[in-house]
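Worksheet: the structure to be examined is printed underneath.
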Amino acid sequence: MKYKDFECVEFEFEGKKATVVFPEKEGEKSAFILKTEYFQAFPETEIMLLERGHYLGFIENDNRWGTDADLERKADFIKFVSEKYNISGGCVPVGMSCGGIFAIKLAARYPELIACVYADAPVVNYMSCPCGFGRSSAFNEDHSEIMNALSLTEIGDLLSYRDMPLDNIHKLIENRIPLLLVAGDSDEIVPYEENGIYIKKAYENTDIPFEVYIKPGCNHHPHGLEDPAPAADFIERNLK
């Protein structure tokens, strides 16, 4: 099978469809790049990393809100792939939009597996997206998707929910997880000033490797940098 001209395999892992994409030639130190959601969307950074000798993977989620079952399955998947293909550089979760939920919570829960995190316009604050209580235009009054995913029954339960990515950022700091943050300053779906800004504030006064790229005039899409090299370079500098 092929993914963007690279060899890949698809198989079932713990009841979910999984994909592993292989570099044409491994680098001196290979990492496992895990796209946490929206596998084929805006893949330029992942393609560059494949070209540089890293592995790419994806496993389907139950939903896009970072629930325990999905996080545990992802951790098992990382361990399985890393052992099977002798990947020594660690895992790099690439989280775009709701994928950022998984990237942040996965690194917070399983820091020993993670080399660094790439968060691109990440959902950090559920009150902003999907609830639309601030500037976000996402979903607004319809909270049923996230309520069902998190097994919550009343809106008050969501207001007091304390396992958002926002609540987990401090664990990334405590475990010194390097992080790359990319966002548009005109994002109407996941506004930077209600989401990514909390990551910047947490990291900016530390000596943990951290880079932030704010794209002028950019809405939620497109994700990524026009030139993905700075993102790929940051990741390669921060492998295990």
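Under our numbering, the letters of the sequence shown match residues 4 to 243, in that order.
All C-beta atoms in this analysis are idealised placements derived from N, C-alpha and C, irrespective of residue type, glycine included.
Residues that DSSP places opposite Leu-182 in a beta bridge: Val-120 and Phe-213
Contact under 8 angstroms by Cβ, Pro-168 with Pro-212: no
8 angstroms CB neighbourhood of Asp-73 in its chain, flanking five on each side removed: Asn-64, Asp-65, Asn-66 and Phe-105
Buried/exposed call for Met-4, threshold 16 Cβ in 10 Å: By the 10 Å Cβ count, Met-4 comes out exposed.
Proximity of Val-95 and Ala-34 at Cβ, strictly below 8 angstroms: yes
Residues sharing a beta bridge with Ile-62, DSSP: Ala-21
Ile-192 versus Asn-222: straight-line alpha-carbon distance, rounded: 8 angstroms
Top-ranked residue by Cα proximity to Asp-79, from Leu-109, Arg-55 and Gly-102: Leu-109
Simplified DSSP state of Ile-90, which is helix, strand or coil: coil
Which residues DSSP lists as bridging Phe-14, in chain order: Ala-21
For Gly-187, the three-state DSSP class (helix, strand or coil): strand
For Ile-36, the residue or residues it bridges with in DSSP: Leu-59 and Val-95
Sufficient close CB pairs (3 or more, under 8 angstroms) joining the stretch 172-188 to the stretch 230-240: With a cut-off of 8 angstroms, the stretch 230-240 and the stretch 172-188 count as touching, because enough Cβ pairs lie within range.
C-alpha distance - Thr-48 paired with Ser-163, whole-angstrom precision: When rounded, the distance between both Cα atoms is 36 angstroms.
Segment limits, alpha helix (DSSP H) that includes Ser-147: 147-152
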